[in-house]
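In our numbering, the protein residues as written are 2 to 82.
By construction, the Cβ of each residue, glycine as well, lies at the ideal position given by its N, Cα and C atoms.
Below is one structure, written out as structure tokens; the observations come after it.
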Amino acid sequence: MTRFVHDQFAKQYLKELLSPVGQVETSRDRLGEVRQIDVWFAPSSPPADVTSTLGLLGKFAAAPAVFEPFRNAVSPAAQLH
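Encoded structure:
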């Protein structure tokens, strides 16, 4: 269980979007290190037609990928300089 509600939301969101086009695991342990992958993805073969509706995420889903969403909520006061 994560302490960060935004982190959990991002993991579940990516899992729901990517499940139709491949295998998705959240909070996957990495072997050899004391670290955890937020979202691990492997596309199905052949790739599903759904990837075009996902836009940029669909392009990422064309190959195996690891997603590490930013775990802190964006602050409305945050400004780009």
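- Counting along the chain, Ala11 sits inside the alpha helix (DSSP H) bounded by residues 6-19.
- A distance below 7 angstroms between beta-carbons, with the five flanking residues on each side excluded, links Ser53 to the following residues of its chain, in chain order: Gly59.
- Per the coordinates, the alpha-carbon of Ala64 lies some 6 angstroms from the alpha-carbon of Pro44.
- Nearest C-alpha to Gly23 among Ile38, Phe71, Phe61, Glu69: Phe61.
- If you draw a 10 Å sphere on the C-beta of Phe71, you find fewer than 16 other C-beta atoms in it, and that means exposed.
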